[in-house]
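Participant:
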Amino acid sequence: MSYLSELNPKQIEAVKAVEGPVMVVAGPGSGKTRVLTYRIAHLIQIGVPAYRILALTFTNKAASEMKERIVKIVGEKSRQLWMGTFHSVFARILRVECELLGFGRNFTIYDTADSLGLIKNIMNSLGVPQQQYNPQAIRSRISGAKNQMIGPTEYAAQALDLFAEKTGRVYAEYDRRLRQHNAMDFDDLLLKPIELFQRHKKTLEKYRDLFRFVLIDEYQDTNRTQYVLIKTIAEKYRNICVVGDDAQSIYAFRGADIRNILDFQNDYSDLKTIRLEQNYRSTKTILAAADHLIKHNQDQISKSLWTENPEGETITLLSCDDDRDEGNRIVARVFDESRRLKIDLKDFAIMYRTNAQSRSLEDALRKNSIPYIIVGGIEFYQRKEVKDALAYLRIVVNPQDGESFLRIANYPVRGLGAASLERLQAFAAERNLSLLSAAGKANEIDGLSQRAKVSFLQLFDFFTKYEKLKREISLTELSRSMIEETGMLALLKDEATAESLERWQNVQELLSALSEFAAQRDDATLEAFLQDVSLVSAVDNLDPNRNAVTLMTLHSAKGLEYPVVFITGLEEGLLPLYNSSLDRKEIEEERRLFYVGITRAMTKLYLSTARMRFRYGETAYQSPSRFLEEIPDELTDELVVRTKRLFKTRADERSGKFAFDRGASEFSPKAAAFHSDPEPDYESDIDALELLKIGKLVEHSDFGQGKIIGLSGEGDSMKAVVDFDSVGRKNLMLKYARLKVL
DNA sequence: ATTAGGCGATTTTTT
DNA sequence: ATCGCCTAAT
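Using this note's numbering, the letters of the first sequence correspond one by one to residues 6 to 747.
1. CA-CA distance, T530 and Y386?
2. Since A444 is in the alpha helix (DSSP H), which residue starts that stretch and which ends it?
3. Quick one: complete beta strand (DSSP E) runs, 3+ long, within the stretch 345 to 411?
4. Leaving out five residues before and five after P417 in sequence, what residues of the same chain have Cβ atoms less than 6 Å from its Cβ?
5. Per DSSP, what kind of secondary structure is Q710 in: helix, strand or coil?
6. With a threshold of 8 Å on Cβ separation, who are the neighbours of Q305 within its own chain once the five nearest residues in sequence on each side are excluded?
7. Okay, do the stretch 147 to 164 and the stretch 172 to 180 touch, 3+ Cβ pairs below 8 Å being the bar?
8. Just curious, the alpha helix (DSSP H) that K72 is in, first and last residue?
9. Mapping DSSP to helix, strand and coil, what is K475?
10. For S673, which residues in the same chain have their Cβ closer than 6 Å to its Cβ, ignoring the five residues on either side in sequence?
11. Determine the DSSP secondary structure at M128, reduced to helix, strand or coil.
12. Would you mind working out which of R605, D548 and S254 sits nearest I572, comparing C-alpha positions?
13. With DSSP collapsed to three states, give me the class of G578.
14. Going straight from the alpha carbon of V30 to that of D296, what length do you get?
15. Starting from the C-beta of F216, find all residues in its chain whose C-beta is less than 8 Å away, skip the five residues before and the five after it, and write them out in chain order.
16. Hey, how far is the Cα of A354 from the Cα of L565?
17. Which term fits T555, buried or exposed, when burial requires 16 or more other beta carbons within 10 angstroms of its beta carbon?
18. Using CA atoms only, rank isn't needed, just tell me which of R259, V336, V247 and R286 is closest to D268.
19. If you draw a straight line from the alpha carbon of A19 to that of F218, how long is it in whole angstroms?
20. In this structure, how does DSSP classify G700 when only helix, strand and coil are distinguished?
21. Identify the continuous beta strand (DSSP E) that holds K609 and give its terminal residues.
22. Please specify which runs of the alpha helix (DSSP H), each continuous and at least 4 residues long, are wholly inside the stretch 106 to 156, giving them in chain order.
23. Consult DSSP for N228 and reduce its assignment to one of helix, strand or coil.
24. Between G34 and T62, is the Cβ-Cβ spacing less than 8 Å?
25. Looking at the structure shown, is P5 part of a helix, part of a strand, or coil, going by DSSP?
26. Residues in its own chain within less than 8 Å of E24 by CB, not counting five upstream and five downstream?
27. Going by the CB atoms, is the gap between T208 and N360 shorter than 8 Å?
28. Is there contact here, the stretch 503 to 511 with the stretch 537 to 545, by at least three beta-carbon pairs under 8 Å?
29. Helix, strand or coil for G173 per DSSP?
30. What would DSSP say about I279, mapped onto helix, strand or coil?
31. Tell me, to the nearest whole angstrom, how far the beta carbon of T230 is from that of I199; I am working on the premise that it is less than 8 Å.
32. For I488, count neighbouring Cβ atoms within 10 angstroms of its own Cβ and tell me buried if that reaches 16, exposed if not.
33. If I114 and I143 are in contact, beta carbons under 8 Å, what's the gap, nearest whole angstrom?
34. Just how far apart, CA to CA, sit T312 and L12?
35. Between H92 and F191, how many whole angstroms is the CB-CB distance? I'm expecting something under 8 Å.
36. Answer yes if the stretch 610 to 617 comes into contact with the stretch 322 to 340, meaning at least three C-beta pairs across the two stretches below 8 Å, and no otherwise.
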């Protein structure tokens with residue numbers, strides 16, 4: 006077994022302990038993924054059929070990457086592994102088994118936005134005012150209840166206040182409607198399998214027997230339903246291996262339950278615990294900072310992380326004036342460090358607590374023509390036009406899907422407003438019909454205008470036609486012709502604004518994605534495509550080959566690593582983020598989130614704060630995060646900038662005045678050690694780059710004064726066309742030209 | 001009575 | 001950028 010030579014003794018132990026319950030407590034960067042990969046490869050190598058192994062990961066990307074590596078080690082037979090996120094694996098099982106629960110195999114998966122829409126609709130029909138009862142809050146309460154396996158009846162019985170009482174009523178109706186729509190929300194994908202296994206012992210036996218080996222990654226972020234689910238499944242063989250790190254538990258808001266770790270220890274008396282404490286990722290400095298920080302948490306399993314990696318550089322603090330300044334200074338550091346460390350843009354990650362923070366960072370990157378990719382944020386599949394197109398496709402697959410029907414009933418505009426849809430819904434409820442079939446009986450609905458009747462009937466015919474065509478033409482043809490016929494493409498094209506054309510593009514992109522999907526898989530169905538689309542996570546789309554700076558939330562950063570990491574917005578109220586209550590547990594989760602961020606960094610870590618920040622539509626004064634005090638001073642440096650730095654001119658260099666008179670990046674005394682590192686003769690010029698605009702007057706040391714009349718290129722290859730008073734037009738590489746802005 | 005379109009407020013983190 | 005509310009238009 007040659008691969009064992011690549012592992013340390015603890016890792017080998019974790020790979021080889023395949024029988025019985027095992028818990029691997031794996032610190033950040035301790036080679037956890039490697040252990041999981043080799044463990045599965047090892048299982049296959051000793052003769053376990055791949056299809057008898059269930060491996061649950063946190064993202065689909067992690068699953069497919071791991072699978073590829075396993076295929077490389079032990080060959081094609083490992084393709085049959087059951088591997089993916091909880092949600093995708095159990096969605097797959099439900100597709101086969103859900104008829105036992107009264108669902109059709111073509112059920113639709115509702116994402117958070119769909120489920121919120123349904124809840125709002127229900128609140129309207131139950132007469133629960135949305136002003137008094139926040140639909141979001143109701144949705145998250147229902148989701149919370151589901152994650153703890155509390156059903157609507159039980160929830161209503163426990164309701165103590167008015168809010169809970171209303172939530173209970175909405176919850177009951179919500180469940181009913183999901184069933185009517187033949188739809189499941191994210192929580193159902195975990196809850197329904199439990200129900201299935203409870204009610205159908207034969208099915209339970211089938212899966213218990215199938216999954217002889219069960220592995221779970223990121224165990225600290227599993228919730229109660231996930232815990233019950235795997236415990237149920239693994240009961241027969243008890244070959245269950247969980248891998249996780251309590252210090253990286255950051256999903257309590259989603260129902261992740263730390264009890265899952267403690268209970269696991271209680272559930273299995275013969276549990277073998279293996280600790281992976283050697284870190285292969287970060288410098289000693291970064292690891293020490295993380296360690297000091299996390300020691301401030303009371304709730305934790307104590308562990309002592311260590312590394313053979315070098316001491317490394319100190320962590321650099323950037324104290325910025327405001328969010329704009331923060332963006333600019335980070336961009337400047339990206340330029341400097343890419344030069345100094347000779348690394349690519351893809352080696353940089355900028356992290357933040359809230360998605361809203363990405364804006365000022367994006368502005369700075371865009372202005373300086375630095376390519377970047379943003380993880381999450383406004384996701385492709387969340388865009389209105391994409392969701393609209395998807396809704397049409399969803400209805401063809403599942404004609405009962407009322408939520409999708411309501412979404413597109415009046416898009417493109419067909420004269421079906423709120424009142425008409427209200428009538429349709431009432432009629433459908435009365436006769437126990439789906440909205441689509443009710444639309445087919447529009448003539449029987451009282452009080453509907455003639456126009457609305459015609460529209461409903463046309464809509465019904467439209468879907469009837471495509472339901473039929475579905476069996477006759479290819480996936481690609483069907484979707485293309487259908488979306489074409491809705492008229493939404495023409496509508497977007499005719500509008501001809503930059504925005505509408507972008508939307509048009511997005512719809513086209515969706516259709517291409519579908520074609521590609523159809524071409525790639527021989528078993529490709531519209532159902533499968535729609536399921537994939539519902540369950541993609543933000544990081545799944547991260548392309549490691551693109552050379553661009555990565556921007557993401559601290560949550561998305563879990564499991565990733567980068568040579569240089571910037572963690573931004575280290576301010577009270579932002580990290581830790583304040584909401585209504587901030588008790589110890591919440592602070593500790595925020596601290597873990599920061600911990601996750603720090604431990605993503607391999608060689609260099611930057612932490613930034615802004616004195617003022619634009620939030621909720623106004624500029625607020627911010628104070629530094631309490632977490633900064635928890636990192637020992639000797640591990641950090643402060644990079645001070647006095648004023649905006651301009652390009653040096655030769656004259657400045659000669660006089661040596663530049664650094665003091667005009668301000669520059671300058672290190673505080675304790676940063677001297679860092680500054681004395683061998684630095685390439687490269688200047689940090691980015692602050693000035695953003696000042697460079699067409700029309701600006703500039704000075705060149707040889708050509709004198711001139712005016713910028715054109716700018717092109719990006720990064721190091723950025724050029725400017727300058728009209729000089731003395732010599733006329735010149736095309737200059739900014740990197741060498743050393744222009745001074747006047 | 002309905003619907004269409006404009007304007008203003010609003011974002012914690014996510015499968 | 002999206003959602004909800006308001007007013008003008010049909």
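Think of the CB as a built atom: it goes at the ideal place given N, C-alpha and C, for glycine as much as any other residue.
Facilitator: Judging by the given coordinates:
1. Position 525 of the first sequence holds residue 530. Position 381 of the first sequence holds residue 386. T530 and Y386: Cα-Cα distance of roughly 18 Å.
2. Sequence index remark: in the first sequence, residue 444 carries index 439 (1-based). From DSSP, the alpha helix (DSSP H) with A444 extends over L440 to G445.
3. 353 to 357 and 377 to 379
4. Stepping through the first sequence from its first residue, residue 417 is reached at position 412. The residues are G492, M493 and L496.
5. Position 705 of the first sequence, counting from 1, holds the residue named residue 710. Q710: strand per DSSP, three-state reduction.
6. Counting from 1 along the first sequence, the entry for residue 305 is found at position 300. Excluding sequence neighbours, Q305 sits near D251, A252 and I299.
7. yes
8. Here residue 72 is taken as the residue at index 67 of the first sequence, counted from 1. Start and end: N65 to V79.
9. Stepping through the first sequence from its first residue, residue 475 is reached at position 470. It is coil, neither helix nor strand.
10. For the purposes of this step, residue 673 is taken as the residue at position 668 of the first sequence. In this prediction, S673 has a pLDDT of 32, which is less than 50 and means its spatial position is unreliable; what the coordinates show is noted afterwards. These residues qualify, in order along the chain: E643 and V645.
11. Working through the first sequence from its first residue, we reach residue 128 at position 123. It is helical.
12. Position 567 of the first sequence holds residue 572. With distances taken between Cα atoms, I572 lies closest to R605.
13. In the first sequence, residue 578 corresponds to position 573, counting from 1. Strand.
14. As a working mapping, residue 30 is identified with position 25 in the first sequence. As a working mapping, residue 296 is identified with position 291 in the first sequence. Straight-line Cα distance between these residues: approximately 16 Å.
15. Looking up residue 216 in the first sequence gives position 211. Here the set comprises R57, I58, L59, W87, I238, A239 and Y242.
16. Residue mapping note: residue 354 aligns to position 349 of the first sequence, counting from 1. Residue mapping note: residue 565 aligns to position 560 of the first sequence, counting from 1. A354 and L565: Cα-Cα distance of roughly 10 Å.
17. Residue mapping note: residue 555 aligns to position 550 of the first sequence, counting from 1. Classification of T555: buried, given that the 10 Å Cβ count is 16 or more.
18. Against the first sequence, residue 268 aligns to sequence position 263. Selected option, being the one with the closest Cα: V247.
19. For the purposes of this step, residue 19 is taken as residue 14 along the first sequence, with counting starting at 1. For the purposes of this step, residue 218 is taken as residue 213 along the first sequence, with counting starting at 1. Cα to Cα, A19 sits roughly 14 Å from F218.
20. Position 695 of the first sequence, counted from the start, is the residue given in the question as residue 700. Coil at G700, not helix or strand.
21. Taking the first residue of the first sequence as position 1, residue 609 is located at position 604. Segment A606 to A615, the beta strand (DSSP E) holding K609.
22. 117 to 131 and 140 to 152
23. Residue numbering aside, residue 228 sits at position 223 when the first sequence is read from its first letter. Note: N228 maps to strand in three-state DSSP.
24. By one-based count along the first sequence, residue 34 stands at place 29. By one-based count along the first sequence, residue 62 stands at place 57. No, the Cβ-Cβ distance between G34 and T62 is not below 8 Å.
25. It is not possible to answer for residue 5, since the shown part of the chain is limited to 6 through 747.
26. Stepping through the first sequence from its first residue, residue 24 is reached at position 19. Excluding residues within five positions, the ones whose Cβ falls inside 8 Å are N244.
27. Against the first sequence, residue 360 aligns to sequence position 355. Against the first sequence, residue 208 aligns to sequence position 203. No, these two residues do not count as a Cβ contact at 8 Å.
28. no
29. Residue numbering aside, residue 173 sits at position 168 when the first sequence is read from its first letter. G173 falls in the helix class under three-state DSSP.
30. Within the first sequence, the letter at position 274 stands for residue 279. DSSP places I279 in strand when its eight states are reduced to three.
31. Working through the first sequence from its first residue, we reach residue 230 at position 225. Working through the first sequence from its first residue, we reach residue 199 at position 194. Contact flag correct, Cβ pair sits at about 6 Å.
32. Reading the first sequence from its first residue, position 483 is the one you call residue 488. Buried.
33. On the first sequence, position 109 is the one that residue 114 refers to. On the first sequence, position 138 is the one that residue 143 refers to. Actually they are not in contact, since the Cβ atoms of I114 and I143 sit about 20 Å apart, beyond 8 Å.
34. Counting from 1 along the first sequence, the entry for residue 312 is found at position 307. Counting from 1 along the first sequence, the entry for residue 12 is found at position 7. Roughly 15 Å between the two C-alpha positions.
35. By 1-based counting over the first sequence, the position of residue 92 is 87. By 1-based counting over the first sequence, the position of residue 191 is 186. Sure, about 6 Å apart at Cβ, within 8 Å.
36. yes
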